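To start, the structure under review is shown below, and the notes come after it.
Chains as they are written, first to last, in our numbering: chain V, 8 to 357; chain G, 375 to 710; chain X, 496 to 1049.
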C-alpha cells in the first residue's frame, strides 16, 4: 500500500517535469553576471537577423572563462563576451575562440586591439580607480592622494575600503595596479605596500557591491563609514544618474592620477565549435555597431571601444579617463595571477 | 519493619493499586504473588522511592519515609531485567553501591570478593557483564543489591527470565542467601511454586489489591477467594447457587459454605473410598493424565458436576465408575 | 534453475556497481588525471603548492576547528534535550521531534538566507531591537563571523544528534539508572557514572556525524562566511572555479577525501558499538509533574522552537513584508522570465526542474540502493567491500563530484555535460548512501527464516523478494525515499557545477539571485527560498505520513 502510494507520487513528479523544449534558430551569448543591455537593442538585432538571442550568465568574468574552458569540447554558447585583459591569456591559451576579423574594427580605438590574430574583439573598456566622497574631502580639507603610496600615510588612515582580488574583479584590477607600481621583487614590493596599507587600517571585503553599497560613505546616502573605495572611473556619473536629483551634480569623484588606475578591456569572441557560428559573427559586428556601443555606457558603465560614438551627457560631464593607467602585460598576468593573489591573501587574511 | 498503609496509584486513567496495606517484619521474606499487571512491580517501585505519585503512607522502622529520595533509602532492588551496568565489570557492578556509601577501597574489594564467593561467581569478577549467562547475571544482580547491606531487599521477578529447571534450584538458593544475610525482603513473583519455596509469608494480589495474606501453607490449603483458588491452579471452584453442588455436598458435615458466594473442593481432600467409609460419592472417570508419580484426573458426579483430583493409581478404566470421599476440611468457602 | 537465478542476481548486482564505476570512479580518476598529469606527464605541482606555504595547512586546521566547535555546541545542546525526550512523555513530543528533523532536509542556501534574515545586519532581530530601544545602530553584529557559521551548523545538526541520542537512550531504558538510584547514586552520580558512560557510544556516533557534516559544510560558509572563512570544501570550489588552479584543487580534493574516509571509518566503528544489543525492559516514559520537570521539558521545547522557527519565520517575514508593508510582489516576480535577469529561465521554472530531478533521483537511488543493499547484506568479502564502496560518495565532497563530472563526462558516448540528465545522475550519486543506510537496517532485521518459510510454501526467489522483503522494507524504503528526495531538492555543491541554462535547480537560482547586487534580486531570493522550504517541507511530511501509514500496515 505504502509502496503503491510512493509510486504514484513518483509518477506525478515525473509527469510534472516533461522535458523542456529546445528551439532551433537561436544564438546563445555566454557572458558574465554584469552584462546588461536594453531589451530594444537586442530586439533590433533579432529583427534584422531573425535569430533569437539568449543570454547565459555564468558568474563573474573569471568563473565564466573557466566554465568556457572546461566545456570547450561542447561549448555552452556561440560566443563569449566579457573576458577582459586579466583573463585573456588564459582563454587564448585554452584555444576556446575561433578567429574572426570584424569589419567594424576599423572604428575601434587602435590601442585596445590586442595582437592575437583576431581571436577576440574589444568591445569596451573601463578603469578601476579610487572613488571618494566629495563632501568628506571638502569639509576636512584633506588633499586627495596623489599616488598609491600616499595611501599608507597617516592622513588616510581608516579611510579606504578595497575588494578582495581573489573574489572580485575590480579587486584584482586594483591589485594589478599596485603590482605595476611597486613590482613583485625588490626592496619594497606590492606585498610590503599592502602590509603598510593593512597597518593603515584598510578594510577589505569580498565583493564590489559589499564595498560600494555597504562600506563606502557617500554623504547624503545612509550607508558606510569609509570615504574612499576601489571602484570604477565611471562610478561618479552612475552616482549622478541614479541620484534623486541628477541636476545637483556629482557627489563622488574618481582619482585618475597617473599609475593609480588599471584599465580593464572587455572582449568578445566567437567560441570554437559554436552551433551557430554565422549568427555569432553577426553579433560581434552588432556589438561594435553604434546602436550597441552607445547603449553601453548607461547600462554597464563602461566606455565604448569605438571612438566615433557620442557619449551620454552625464558621462561627458562627470566621467574622467585616466591618461596613464598602470599596465601589466596579459601574459605576465596569466603567469603570475594565482601566485600574486595567493601571496596577497597570506599577507591580508591572516 | 516496613509498613505500608492504603497505597493507591494510577497510571493516568489506569488504576494500578487500590488501597494496599502490608507489613514486613524484620528478617522476614514476604512474597507478592499475583498475575502480571496486578500492581506488584508498581508497589515495589513505590517502596523503593522510584515512583513518587501515589497516595497512602510508607513507614520504615516507624518513620515516614515518603520524603526520602530513592538513593537515600538504602533499600536494595533487584530488577526483573537485572539492570546490570553494561559498561562495568562484574566486580564494579557489585562495588557500585559500596562506592556510593564512600567505603574504603580495600574494604570494598574484600566485600566484593566475599559476595562473589557467596553467590558462587569467584572467578568472574573481571568479566564483562554482557558475557554472562542468565543465571550468572541473576547472581550478580543479587550480589549487587545485597552488597551495601540494604535495610530492605526487594526482588522483582528475579527468576522470571530463567528456565523452569534452573528456577526451582535457584529459588532455594536465593532463600538461603537472603536468610543468611538476615535482611527483610519483598519478593515479587507470578509463580506459586517459587513463592512457596522462598516466602515466609505470601500476599496474593489481584487487580491492584491484596486478596490474601498468609503463610505459604495456609495460602495453598485455605485460599480465601475464588481468584486465589483459581490462580493457585485449584479448579474445583463452584458457585454455591449451583444445584449440582448442593446434590454433591448436601446434608453432609459442616454446611457453613452455604453462606459464601462460591466454594472450593480442595483436591488434596478428595480420596478414593473403600467400602464402608461414608459418605461416599459415585463418580465416572472422564480422563486421566499421568504426571509422573500421580495422575491428574477429571471425574463427573451423577449430578453432572466435574471435579479434578490427583490419583496415585487408576482404580478403573476411563468411562467406568468408582467411589470417592470428600474430607470435611476440603470444603472451603470462598469470598468473591 | 538455482544456477540461473544466481546468474540473474549477479547481473542485477552489476547495475549499482556499473553506475558507481561510470559516474563516480571514472570522473574522480579523470579529475586526478587532469590534475596530476596536466600535460600527460606526472606533475605534482599541486601538492608542492599545498606544502609550500602554511596557508592550506591553516585552511585545514580552520576546517577542523570550526567543525569541532560546531560539534561541541551541537552536542552540548542536544544531550540534555535527548535525555528529556527519552525520559518524559508530554503532549506534542512526537510532533516536535519530527519537526526538529526539518532543518536537516532544508537546503543550505535556504538556511543561510534564513539566518541572514534573522541575525544579519539588516535582519529581523536588529530591526526589532532598534525599534524597541530606539537605537541608531545595529546591536547584533554577527554577519561574516565565525559565531554565525557555528549557529547555523548547530541549527542544522541539532536534530541529527537529538534523534541518535534520543533513540539510543530510549532503547537503553531507565532501569539501569533506577538500579543505580537504589544503590545510592544521587543526580550528579547518575550523570557521571551511568548516563554519560552509557550514552557515550551514541554521543560519539552523533559527534562524528555532526563533525563530518560541519567539516564538509559548503553552502553555509560560501554564503555566510566568505573566502575569509574558507573551509577545505570552499577552497576546492574556489581554487577550481575562481583560480582555475586544477592541480591544487585536485590536491585539496584528495586531502578532503582522505580526511573524510578516516572519519567514515571512525563513524562506522561507532555505529557497530551502537548496534550492540542491550537487554532492556519496555520503555517507561514519565509523565511530567514537578516544577523541575516542567522547567526541563519547557526549556527543551522552547529551545527547539526558537532554534527551528525563529530563522524560518524571519525568512518568511522578510519575503512578504517590504518596508513594513505586506507585499507579495517578490513572489509574483518569480514567474517572470526576463532576459535582463541573471537567469536563463524564470525562477519559478526551477521549481519544476527541482521536482523533476528530485523525483528521478529518488527513483534511481531507490532502485540502485535496494540492489546495493542486497549486495551488502550478502555474505563474504564482496559484501564487506561493497559496503565501503557505496559509502564513498558520502565521503567525497559534492563540489569535487560536480567538478569531476564536468571534466569527465563531456565526450561521446558519455557526453552528458550539456544534458540535464547530469543533474539527476549527480543527485542519485549523492542520495545513494542515504538510501542504503536507510534500507540496510530493515533488510538486516528480516530473519532468514521468513524467506525460507516463503520458499517452502512455494515462492520463487523473486516472489520472495516481492511478497516478503519489499513489504517488510516499506519503512526503510520510505525513509530512504525521504532522504533521496530532500537531498536532491537541496543539493547545492554539485548542482552549482553541473546545472546549465534551462536546467538550473532552486538552490542554484537562489545562490545566483543572492550574488546579484540589488534589492529586487535579494528579495526574489528570499521568496524563492520560502518556496524551496515549503517544497522540501511538503515532500518531507508527505513521506513521513507514508512512513507511519506503512508501519501501521505491515
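The beta carbon of each residue, even a glycine, is placed where N, CA and C say it ideally should be.
It should be emphasised that the depicted structure is a prediction, and the values quoted were computed from it without experimental measurement.
Spatially closest choice to residue 215 of chain V from V/344, V/203, V/238, V/204, by CA coordinates: Closest option to residue 215 of chain V, Cα to Cα, is V/238.
Beta-ladder partner(s) of residue 171 of chain V, from DSSP: Bridge partners of residue 171 of chain V: none, in fact.
Beta carbon of residue 225 of chain V nearer than 8 Å to that of residue 128 of chain V: No; because the gap between Cβ atoms is not below 8 Å, this pair is not in contact.
Between the CA atoms of residue 381 of chain G and residue 785 of chain X - distance to the nearest angstrom: If I take the Cα positions, the gap works out to 20 Å.
Other residues of its chain near residue 795 of chain X: CB distance less than 6 Å, five sequence neighbours each side excluded: Excluding positions up to five away in sequence, the list reads 576, 579.
Runs of alpha helix (DSSP H) wholly within the region 87-112 of chain V (minimum 4 residues, chain order): The region 87-112 of chain V contains, as complete alpha helix (DSSP H) runs of 4+ residues, the segments 95-100 (chain order).
Listed by chain order, chain G residues near residue 671 of chain X by CB distance under 7 Å: Against chain G, the beta carbon of residue 671 of chain X has neighbours under 7 Å at 457, 459, listed in chain order.
Residues near residue 397 of chain G in its chain [Cβ-Cβ closer than 6 Å; skip 5 each side]: Around residue 397 of chain G, the same chain offers 377 as residues with beta carbons nearer than 6 Å, after the five sequence neighbours per side are excluded.
Status (buried if at least 16 other CB within 10 Å, exposed otherwise) for residue 507 of chain X: Flag for residue 507 of chain X reads exposed.
Check whether residue 898 of chain X and residue 982 of chain X have beta carbons under 8 Å apart: Against a cut-off of 8 Å, the Cβ pair of residue 982 of chain X and residue 898 of chain X comes out as no contact.
Residue 131 of chain V Cβ short of 7 Å to the ligand HEM heavy atom set: The model on display carries no ligand, and the ligand HEM is accordingly not part of it.
Separation of residue 799 of chain X from residue 703 of chain X, as counted between CA atoms: Between residue 703 of chain X and residue 799 of chain X, the C-alpha separation is close to 22 Å.
Residues, ordered as in the chain, of the region 468-479 of chain G that lie near chain X by beta-carbon distance below 7 Å: Hits within the stretch, in order: 470, 471, 474, 475.
Backbone CA spacing between residue 615 of chain X and residue 222 of chain V [nearest angstrom]: Using only the alpha carbons, I get a separation of about 15 Å.
Under 7 Å by beta carbon: chain X residues contacting residue 450 of chain G: Identification of chain X residues near residue 450 of chain G by a Cβ-Cβ cut-off of 7 Å yields 677, ordered along the chain.
First and last residue of the uninterrupted beta strand (DSSP E) at residue 449 of chain G: 449-452 is the extent of the beta strand (DSSP E) around residue 449 of chain G.
First through last residue of the beta strand (DSSP E) which encompasses residue 656 of chain G: For residue 656 of chain G, the enclosing beta strand (DSSP E) covers residues 655-664.
Endpoints, the alpha helix (DSSP H) within which residue 640 of chain G is located: Looking at the DSSP string, residue 640 of chain G is not in any alpha helix (DSSP H), and its letter there is neither H nor E.
C-beta neighbour in chain V for residue 548 of chain X, strict 8 Å: With respect to chain V, the C-beta atom of residue 548 of chain X has a partner C-beta closer than 8 Å.
Spatial neighbours of residue 570 of chain G in its chain, beta-carbon cut-off 6 Å, leaving aside the 5 residues before and after: Excluding sequence positions up to five before and after residue 570 of chain G, its CB lies within less than 6 Å of the CB of 590, all in the same chain and listed in chain order.
Counted within 10 angstroms of its Cβ, other Cβ atoms place residue 1006 of chain X as buried (16 or more) or exposed: When all chains shown are included, residue 1006 of chain X counts as buried.
Chain X contact for residue 78 of chain V (CB, 8 Å cutoff): Residue 78 of chain V counts as touching chain X.
is_contact[residue 547 of chain G, chain X] using C-beta, thresh 8 Å: Residue-level contact check: residue 547 of chain G does not touch chain X, since none of the beta carbons of chain X fall below 8 Å from its beta carbon.
Simplified DSSP assignment, three categories, for residue 1054 of chain X: This structure cannot speak to residue 1054 of chain X, because chain X is shown only from 496 to 1049.
Sub-8 Å separation of residue 173 of chain V and residue 722 of chain X beta-carbons: Taking 8 Å as the Cβ cut-off, residue 173 of chain V and residue 722 of chain X qualify as a contacting pair.
Chain V within 8 Å of residue 1030 of chain X, Cβ atoms only: Chain V has no Cβ within less than 8 Å of the Cβ of residue 1030 of chain X.
Euclidean distance between Cα positions of residue 882 of chain X and residue 207 of chain V: In this structure, the alpha-carbon of residue 882 of chain X lies about 57 Å from that of residue 207 of chain V.
Unbroken beta strand (DSSP E) run spanning residue 140 of chain V, endpoints: Membership of residue 140 of chain V in the beta strand (DSSP E) is indicated by the continuous run 128-140.
Residues of its chain near residue 102 of chain V, where Cβ-Cβ distance is below 8 Å and the 5 sequence neighbours each way are ignored: Counting only Cβ-Cβ distances below 8 Å, and skipping sequence neighbours, we find 79, 279.
Simplified DSSP assignment, three categories, for residue 553 of chain G: Residue state, collapsed to three classes: helix.
Sequence ranges, beta strand (DSSP E) only - wholly within the region 673-708 of chain X, length at least 3: Listed in chain order, nothing qualifies, since the region 673-708 of chain X has no complete beta strand (DSSP E) run of 3 or more residues.
Residue 314 of chain V, DSSP secondary structure in three states: In this structure, residue 314 of chain V counts as coil in the three-state DSSP scheme.
DSSP state of residue 561 of chain G mapped onto helix, strand, coil: Residue 561 of chain G: strand per DSSP, three-state reduction.
Alpha-carbon spacing of residue 544 of chain G relative to residue 419 of chain G, whole angstroms: Straight-line Cα distance between these residues: approximately 24 Å.
Assumed close pair residue 63 of chain V, residue 35 of chain V - CB separation to whole angstroms, cut-off 8 Å: With 8 Å as the limit, residue 63 of chain V and residue 35 of chain V qualify as a contact, their Cβ atoms being about 6 Å apart.
Beta carbon proximity, residue 432 of chain V to chain X, threshold 8 Å: Shown here, chain V extends from 8 to 357; a query on residue 432 of chain V therefore has no answer.
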